[in-house]
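Undergrad: What follows is a single structure, and I will ask about it in a moment.
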Amino acid sequence: MLEFSKFMTHVYRGIKRRLNLTEKLELAIPGYKGYKEKELRREADRLIREHMLRNLEPAYRDFKSLMISVAQANDAGLMQLYNQVQATFDRVISKLRTASYGYSGFFDAVKIRENELDALLEYDWWLFNAVDKLCKVVREASASEPGKLAAVLSNLRSELLSFEELLVKREEVIKGVRGEY
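Just so you know, we're using this note's numbering here: the sequence shown kicks off at 64 and counts up by one.
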């Protein structure tokens, strides 16, 4: 797996390659360059989260297909656990989809500075790795034996809650609530 700095350099270079001539000229203007760099970081942040959503969608579909195995088990406790996991999965996807991407307007009380954008990108890196782990856990759940379904669903719920905690911490960075990154 890529390390964070290599990953961000790759994403950032990809965005810079897609700049048109006017945008490239803007990067050369003193004073404007910093503003443009922030915009590119925000764009990188947005693209990373869209990529995470695209990766989570098939995993979510695979998870939903587990309902057949859960129903066939005819176990009320297992059904309740499945419903809890589904509610958590839905909540996590919704939070990821609607997460702020580090924009602060001119009159906003909370300003997002360059070092804070870098911290957001680092959280996105952790989220990116967590999405890979979630997808792996869902694949394992899909391939598990019916007798192990409860343990696999509990593990998936735990991973989803950890992922959600990262999303909450990321939002705290945006709002300026957390001092440490």
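Even for Gly, the Cβ is constructed at its ideal location relative to N, Cα and C.
All figures in this text were calculated on a predicted structure; none of them were measured in a lab.
Would Glu222 pass as a contact of Lys196 if the rule is Cβ separation under 8 Å?
TA: yes
Undergrad: Find the nearest neighbour of Leu184 within the set Val236, Tyr123, Asp153, judged by alpha-carbon distance.
TA: For Leu184, the closest C-alpha among the options Val236, Tyr123, Asp153 is that of Val236.
Undergrad: Classify Met130: buried if its beta carbon has 16 or more other beta carbons within 10 angstroms, exposed otherwise.
TA: exposed
Undergrad: Could you check what DSSP says for Ser207 in three-state terms: helix, strand or coil?
TA: coil
Undergrad: Can you tell me whether DSSP reads Asn118 as helix, strand or coil?
TA: helix
Undergrad: With DSSP collapsed to three states, give me the class of Leu141.
TA: In the structure shown, Leu141 sits in a helix (DSSP, three-state: H, G or I).
Undergrad: Note down the Cα distance separating Asp37 from Glu228, rounded to an integer number of angstroms.
TA: The requested residue 37 does not occur in the structure, where the chain is confined to residues 64 to 244.
Undergrad: Does the distance from the C-beta atom of Leu212 to that of Val133 stay below 8 Å?
TA: yes
Undergrad: If the criterion is Cβ atoms closer than 8 Å, does the pair Arg220 and Gln147 meet it?
TA: Result yes, Cβ atoms of Arg220 and Gln147 sit closer than 8 Å.
Undergrad: Within the same chain, show all residues whose beta-carbon is closer than 7 Å to that of Tyr123, passing over the 5 residues directly before and after it, in chain order.
TA: Phe152, Ile156
Undergrad: In whole angstroms, what separates the C-alpha of Leu216 from that of Leu103?
TA: 39 Å
Undergrad: Counting along the chain, where does the alpha helix (DSSP H) carrying Ala134 start and finish?
TA: Ala134 -> alpha helix (DSSP H) spans 130 to 136.
Undergrad: Just curious, the alpha helix (DSSP H) that Ala214 is in, first and last residue?
TA: 212 to 238
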